[in-house]
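**Student:** Following UniProt numbering, the numbering of the sequence shown begins with 1 at its first residue and continues without gaps.
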Amino acid sequence: MFRLCTQYNTKPWRFSLSARHAYSTQARNTLFEKILIANRGEIACRVMRTAKKLGIKTVAVYSEADANAQHVKMADEAFLIGPPPSAQSYLSIDKILNVARMTGSQAIHPGYGFLSENAEFADRVTAEKLAFIGPSGDAMRSMGSKSESKFIMEDAGVPVVPGYHGENQDVKFLKEQADKIGYPVLIKAVKGGGGKGMRIVRSPSEFEEMLESSKNESIKSFGDDKVLVEKYLERPRHVEVQVFADKHDNVVHLFERDCSVQRRHQKVIEEAPGPGLTEEIRAQLGAKAVAAARAVGYENAGTVEFIMDNVDKQFYFMEMNTRLQVEHPVTEMVTNTDLVHWQLEVASGNRLPMTQEELRLMGHAFEARIYAENPSNHFLPDTGTLFSVRTPEPSEDVRVETGFIQGDQISVHYDPMIAKLVVRGEDRNEALRRFRRALEQYQIVGLNTNIDFVKRVAEHPEFIKGEVETGFIQQFEKDLLKPAETPSPLTLATAANGLLLQEYARIQVSQKDPFSPWSTLHSNFRLNGKDPREFTFISSHGEHKVAVTPSQQAGSVDITVTLGQDQAPTTYTNVSSHWTDDGQVVSSIDDKKVKSNVVTKGEKVTVFDEAGRTDLTLPTPGYILASAAGVAGTGSVKTPMPCKISQVLVKPGQQVEKDTTLIVLEAMKMEHVIKAPMAGTIDQVLYAVGDLVDENKNLVTFAE
Numbered sequence: 001m002f003r004l005c006t007q008y009n010t011k012p013w014r015f016s017l018s019a020r021h022a023y024s025t026q027a028r029n030t031l032f033e034k035i036l037i038a039n040r041g042e043i044a045c046r047v048m049r050t051a052k053k054l055g056i057k058t059v060a061v062y063s064e065a066d067a068n069a070q071h072v073k074m075a076d077e078a079f080l081i082g083p084p085p086s087a088q089s090y091l092s093i094d095k096i097l098n099v100a101r102m103t104g105s106q107a108i109h110p111g112y113g114f115l116s117e118n119a120e121f122a123d124r125v126t127a128e129k130l131a132f133i134g135p136s137g138d139a140m141r142s143m144g145s146k147s148e149s150k151f152i153m154e155d156a157g158v159p160v161v162p163g164y165h166g167e168n169q170d171v172k173f174l175k176e177q178a179d180k181i182g183y184p185v186l187i188k189a190v191k192g193g194g195g196k197g198m199r200i201v202r203s204p205s206e207f208e209e210m211l212e213s214s215k216n217e218s219i220k221s222f223g224d225d226k227v228l229v230e231k232y233l234e235r236p237r238h239v240e241v242q243v244f245a246d247k248h249d250n251v252v253h254l255f256e257r258d259c260s261v262q263r264r265h266q267k268v269i270e271e272a273p274g275p276g277l278t279e280e281i282r283a284q285l286g287a288k289a290v291a292a293a294r295a296v297g298y299e300n301a302g303t304v305e306f307i308m309d310n311v312d313k314q315f316y317f318m319e320m321n322t323r324l325q326v327e328h329p330v331t332e333m334v335t336n337t338d339l340v341h342w343q344l345e346v347a348s349g350n351r352l353p354m355t356q357e358e359l360r361l362m363g364h365a366f367e368a369r370i371y372a373e374n375p376s377n378h379f380l381p382d383t384g385t386l387f388s389v390r391t392p393e394p395s396e397d398v399r400v401e402t403g404f405i406q407g408d409q410i411s412v413h414y415d416p417m418i419a420k421l422v423v424r425g426e427d428r429n430e431a432l433r434r435f436r437r438a439l440e441q442y443q444i445v446g447l448n449t450n451i452d453f454v455k456r457v458a459e460h461p462e463f464i465k466g467e468v469e470t471g472f473i474q475q476f477e478k479d480l481l482k483p484a485e486t487p488s489p490l491t492l493a494t495a496a497n498g499l500l501l502q503e504y505a506r507i508q509v510s511q512k513d514p515f516s517p518w519s520t521l522h523s524n525f526r527l528n529g530k531d532p533r534e535f536t537f538i539s540s541h542g543e544h545k546v547a548v549t550p551s552q553q554a555g556s557v558d559i560t561v562t563l564g565q566d567q568a569p570t571t572y573t574n575v576s577s578h579w580t581d582d583g584q585v586v587s588s589i590d591d592k593k594v595k596s597n598v599v600t601k602g603e604k605v606t607v608f609d610e611a612g613r614t615d616l617t618l619p620t621p622g623y624i625l626a627s628a629a630g631v632a633g634t635g636s637v638k639t640p641m642p643c644k645i646s647q648v649l650v651k652p653g654q655q656v657e658k659d660t661t662l663i664v665l666e667a668m669k670m671e672h673v674i675k676a677p678m679a680g681t682i683d684q685v686l687y688a689v690g691d692l693v694d695e696n697k698n699l700v701t702f703a704e
């Protein structure tokens, strides 16, 4: 189980010698005594960690859904500001400012998401005579608008992607602009971010539907449905540059990050520096990013995002994120900086801690966003309890940034990101080797995650070569989304060993404590007893039998594994097992010590061993019937995740064609379009707009 909101990086943040000398000869403003963090989860914990290191008191705000959240426990003070919907809690400017006044906070850190790029919020914080730990409202308005920012960039000599960025939002007019640009085009929310309100349109026939979907999602996420239309590059890379500016006309860049590995336009893996870039291109990117920041009189942390042609390495300005980015730790790892500390210094009126000449790249780093989602089901978000969590061993080169610990809930109300895994090495090869090892050590049971998927990306030959682009996941989908392999006999033997050790532990508890609930259980089996046992494990490849019998050697057993009816069994003799201090199973099998983590949750058994993760199920009475009953029939459409009904576009008796949009769902701040799997007549519509629906529930049924 990992520690509360821990950042695994023991390397101290420090100024260079010349920077410290410069600081010593300049008058410095005192840092704040108390700040309020207007956010939740991982980023709230991240800001609090640096604040506490600097002796700054912290104030948290939380919704009813986050009453037991880690950022609430970590703060010096915490205040409830509303129910779970963001609009009534984390997006309520009045409530947040009221807490700031009540607590005597001197500054507000917005984190990322929510109000972090809301110009009105920045203005009102300043009007309250508080410091806003971020850029000014004017800079947000200039760069937060994708259309206005492109005009500013053109004037500043920064190349931009061809497209329409104007005020005319008439559907017919926008479609005409798309025709002029040439398909495929990209529709983007003008005030968007994180892939929200972004749609790829490949033909004129789908333009209007995609435009409406983009506008609907945009207004829910940002309160504004204005969009722009621009050329979509088929093989682009997403390269962004971290910039920082102070109130004294100093602007620097902290080099680039490559964020090309994405799904649904949201980043999955980031790395710094960008692979395969020459020093000349790196210098050009940095110079244009600094020019972009200077063009709007920028202050504090920001990120200038570019889209780069993967062939000729020509890059174009895409947008500027006027906040601290999710992926800022990967830059910290290769520059030995604490960017939250930098933010606090700049917001206090102090100069940047380092000059451009003093900044150096040191090694290579990767960051993976660990999401609660199911990659094999179109990356749909998942919810539930973090039943069991193991993280990589902490070191100065391995960080786990999180706002959750074992036992916490991932709810339907907010983003599904659980944590960020950040790993550094002296060069890309070393960093990638450590990254893959850390992913092996990151083990979560209780809900679906993308950990195994990210590991497959990190193992892919093209990724290892640095050949990445934004279509990487789609291009290599068959390699990255392989179905689970048949469990190995060794893994199944380990699973049986784990169950026996758990059973034996329960028996020992019941013998020592007559009031223990385990005392009601009776078992005739002991690890060195005389009675055989047989386990049946079910995987996606069928049933597997494991027979365990006492061996001639005291304290050990013989294990016979049969993968299927037509396969010869595998037998291991004189197998012994024991627990490690950290709760793992060590089995001595065929003169080999095998260490594994065996987690049981009800009838579910999950094994983490040298083969990776293996998910198994123990049969329960009637499991065959239950399995058959759980399969959706061809006459219904079911929810892919817990969700809220956003739109219902059909009614009973209506005839529809295949791929007709039936219902639009909203889950974890994303909009999901449910289409007809076939042509037919709608029989029933089972939910209305606004209804909250669990996973795997019928939405509509078709007449036979």
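Glycine included, every Cβ here is placed at the ideal spot set by N, Cα and C.
Below 6 Å CB to CB, which residues in the same chain sit around His253 once its five sequence neighbours on both sides are set aside?
**Tutor:** As a first step, residue 253 must be located in the sequence shown, where it is residue number 253. Cβ within range, chain order: Val241, Val243, Gly286, Ala289 and Val290.
**Student:** Look at Thr549 and Asp558 and say whether their C-beta atoms are less than 7 Å apart.
**Tutor:** Position 549 of the sequence shown, counted from the start, is the residue given in the question as residue 549. Position 558 of the sequence shown, counted from the start, is the residue given in the question as residue 558. Against a cut-off of 7 Å, the Cβ pair of Asp558 and Thr549 comes out as a contact.
**Student:** Please work out which residues of its chain come closer than 6 Å, Cβ to Cβ, to Ala272, disregarding the five sequence neighbours upstream and downstream, and give them in chain order.
**Tutor:** Position 272 of the sequence shown, counting from 1, holds the residue named residue 272. Cβ within range, chain order: Arg257, Val330, Thr331, Val334 and Ala365.
**Student:** Between Val59, Arg294, Asp123 and Pro85, which lies nearest to Ser105 when the distance is taken from Cα to Cα?
**Tutor:** In the sequence shown, counting from the first residue as 1, residue 105 sits at position 105. Of the listed residues, the one whose Cα sits closest to Ser105 is Val59.
**Student:** Could you check where the alpha helix (DSSP H) with Gln343 kicks off and where it finishes?
**Tutor:** What you label residue 343 is simply residue 343 of the sequence shown in a count that begins at 1. That run of the alpha helix (DSSP H) goes Leu339 to Ala347.
**Student:** Using a Cβ cut-off of 7 Å (strictly closer), state whether Gln70 contacts chain C.
**Tutor:** No chain C appears in the structure shown, which is made up of a single protein chain.
**Student:** Extract the residue ranges of the alpha helix (DSSP H) inside the stretch 128 to 190, only unbroken runs of 4 or more that lie entirely within it.
**Tutor:** Listed in chain order, the complete alpha helix (DSSP H) runs (minimum 4 residues) inside the stretch 128 to 190 are 137 to 144, 146 to 155 and 171 to 181.
**Student:** Skipping 5 residues on each side, what residues in its chain have a beta carbon closer than 6 Å to that of Pro159?
**Tutor:** Working through the sequence shown from its first residue, we reach residue 159 at position 159. Taken in chain order, the residues that qualify are Tyr316.
**Student:** Measure the alpha-carbon distance for Pro375 versus Glu42 and round it to whole angstroms.
**Tutor:** Residue 375 sits at position 375 when you count from the first residue of the sequence shown. Residue 42 sits at position 42 when you count from the first residue of the sequence shown. Cα-Cα distance, rounded: 22 Å.
**Student:** Can you give me the C-alpha to C-alpha distance between Pro640 and Ala67, rounded to a whole angstrom?
**Tutor:** Taking the sequence shown and counting its residues from 1, one reaches residue 640 at position 640. Taking the sequence shown and counting its residues from 1, one reaches residue 67 at position 67. Computed Cα separation, rounded: 28 Å.
**Student:** Looking only at its chain, what residues have a beta carbon closer than 8 Å to the beta carbon of Arg575, apart from the 5 residues adjacent to it on each side?
**Tutor:** The residue given as residue 575 occupies position 575 in the sequence shown. Arg is not the amino acid found at residue 575; the sequence shown has Val there. Taken in chain order, the residues that qualify are Ala493, Asn497, Ser551, Ser556, Val557, Asp558, Ile559, Ser587, Ser588 and Ile589.
**Student:** Quick one: using the 10 Å Cβ neighbour count with 16 as the cut-off for buried, is Glu279 buried or exposed?
**Tutor:** Stepping through the sequence shown from its first residue, residue 279 is reached at position 279. Classification of Glu279: exposed, given that the 10 Å Cβ count is below 16.
**Student:** Could you tell me whether the stretch 149 to 168 touches the stretch 369 to 385, where touching means 3 or more Cβ pairs closer than 8 Å?
**Tutor:** No contact exists between the stretch 149 to 168 and the stretch 369 to 385.
**Student:** Using DSSP with H/G/I as helix, E/B as strand and the rest coil, what is Lys465?
**Tutor:** Residue mapping note: residue 465 aligns to position 465 of the sequence shown, counting from 1. In this structure, Lys465 counts as coil in the three-state DSSP scheme.
**Student:** Could you give the residue range of the beta strand (DSSP E) that holds Met320?
**Tutor:** As a first step, residue 320 must be located in the sequence shown, where it is residue number 320. Phe315 to Asn321 is the extent of the beta strand (DSSP E) around Met320.
**Student:** In terms of residues, what are the limits of the alpha helix (DSSP H) holding Ile451?
**Tutor:** If you number the sequence shown from 1, residue 451 lands on position 451. Note, Ile451: alpha helix (DSSP H), Ile451 to Glu459.
**Student:** So if DSSP puts Tyr572 in a beta bridge, which residue, or which two residues, is it bridged to?
**Tutor:** If you number the sequence shown from 1, residue 572 lands on position 572. Paired residue(s): Ile559.
**Student:** Could you check the C-alpha separation between Lys595 and Arg390 for me, to the nearest Å?
**Tutor:** Working through the sequence shown from its first residue, we reach residue 595 at position 595. Working through the sequence shown from its first residue, we reach residue 390 at position 390. Going from the Cα of Lys595 to the Cα of Arg390 covers about 14 Å.
**Student:** With DSSP run on the structure shown, which of helix, strand or coil describes Gly297?
**Tutor:** As a working mapping, residue 297 is identified with position 297 in the sequence shown. DSSP places Gly297 in coil when its eight states are reduced to three.
**Student:** Which class does Ser221 belong to by DSSP, given the choice of helix, strand or coil?
**Tutor:** As a first step, residue 221 is located in the sequence shown; it is residue number 221 there, counting from the start. Looking at Ser221 - three-state DSSP - the assignment turns out to be helix.
**Student:** State the start and end residues of the unbroken alpha helix (DSSP H) segment that holds Gln475.
**Tutor:** Taking the first residue of the sequence shown as position 1, residue 475 is located at position 475. That run of the alpha helix (DSSP H) goes Phe472 to Gln475.
**Student:** Rounded to whole angstroms, how far is the Cβ of Gly446 from the Cβ of Phe537, which I believe are closer than 8 Å?
**Tutor:** Working through the sequence shown from its first residue, we reach residue 446 at position 446. Working through the sequence shown from its first residue, we reach residue 537 at position 537. Not really, about 19 Å apart at Cβ, beyond 8 Å.
**Student:** Enumerate in chain order the residues of its own chain whose CB-to-CB distance from Thr413 is below 6 Å, with the five nearest sequence positions on each side excluded.
**Tutor:** By one-based count along the sequence shown, residue 413 stands at place 413. A quick correction: the sequence has His, not Thr, at residue 413. Within the same chain, His413 has close Cβ partners Ala65 and Pro84.
**Student:** Contact between the stretch 416 to 424 and the stretch 346 to 353: three or more CB pairs below 8 Å?
**Tutor:** The answer is no - the stretch 346 to 353 does not touch the stretch 416 to 424, with fewer than three Cβ pairs under 8 Å.
**Student:** Run the CB neighbour count on residue 717, radius 10 Å, all protein chains shown included, and call it buried at 16 or more, exposed below.
**Tutor:** Within the shown structure, residues of the chain are numbered from 1 to 704, placing residue 717 beyond reach of any answer.
**Student:** On the DSSP letters alone, give me the boundaries of the alpha helix (DSSP H) that Pro329 sits inside.
**Tutor:** Your numbering for residue 329 matches position 329 in the sequence shown. From DSSP, the alpha helix (DSSP H) with Pro329 extends over His328 to Thr335.
**Student:** Report yes if the C-beta distance between Val605 and Leu662 is below 7 Å; otherwise report no.
**Tutor:** Along the sequence shown, one-based indexing puts residue 605 at 605. Along the sequence shown, one-based indexing puts residue 662 at 662. No, Cβ-Cβ distance for Val605 and Leu662 is not below 7 Å.
**Student:** Please name the residue, chosen from Ser92, Ile93, Tyr164 and Asp338, that lies closest to Arg49 on a Cα-to-Cα basis.
**Tutor:** Mapped onto the sequence shown, residue 49 falls at position 49. Among Ser92, Ile93, Tyr164 and Asp338, the Cα nearest to that of Arg49 belongs to Asp338.
**Student:** Based on the DSSP secondary-structure assignment, which residues constitute the bridge partners of Gly104?
**Tutor:** Indexing the sequence shown from 1 puts residue 104 at position 104. Partner(s): none; Gly104 has no beta bridge.
**Student:** Under the three-state reduction of DSSP, which class applies to Phe404: helix, strand or coil?
**Tutor:** Sequence index remark: in the sequence shown, residue 404 carries index 404 (1-based). Coil at Phe404, not helix or strand.
**Student:** Going straight from the alpha carbon of Tyr183 to that of Val546, what length do you get?
**Tutor:** If you number the sequence shown from 1, residue 183 lands on position 183. If you number the sequence shown from 1, residue 546 lands on position 546. Cα-Cα distance, rounded: 57 Å.
**Student:** Cα separation between Ile451 and Phe379?
**Tutor:** Start at 1 with the first residue of the sequence shown, and residue 451 comes out as number 451. Start at 1 with the first residue of the sequence shown, and residue 379 comes out as number 379. The straight-line gap from Cα to Cα measures roughly 12 Å.
**Student:** First and last residue of the beta strand (DSSP E) that includes Gly363?
**Tutor:** By one-based count along the sequence shown, residue 363 stands at place 363. Unbroken run through Gly363: none, as it is neither H nor E.
**Student:** Per DSSP, Gln584 is paired with what?
**Tutor:** Reading the sequence shown from its first residue, position 584 is the one you call residue 584. Beta-bridge pairing links Gln584 to no other residue.
**Student:** Can you have a look at Arg351 and say buried or exposed, based on whether 16 or more other CB atoms are within 10 angstroms of its CB?
**Tutor:** If you number the sequence shown from 1, residue 351 lands on position 351. Classification of Arg351: buried, given that the 10 Å Cβ count is 16 or more.
**Student:** Thinking just about the alpha-carbon of each residue, which of Asn250, Asp249, Glu270 and Gln266 is nearest to the one in Cys259?
**Tutor:** Here residue 259 is taken as the residue at index 259 of the sequence shown, counted from 1. Among Asn250, Asp249, Glu270 and Gln266, the Cα nearest to that of Cys259 belongs to Glu270.
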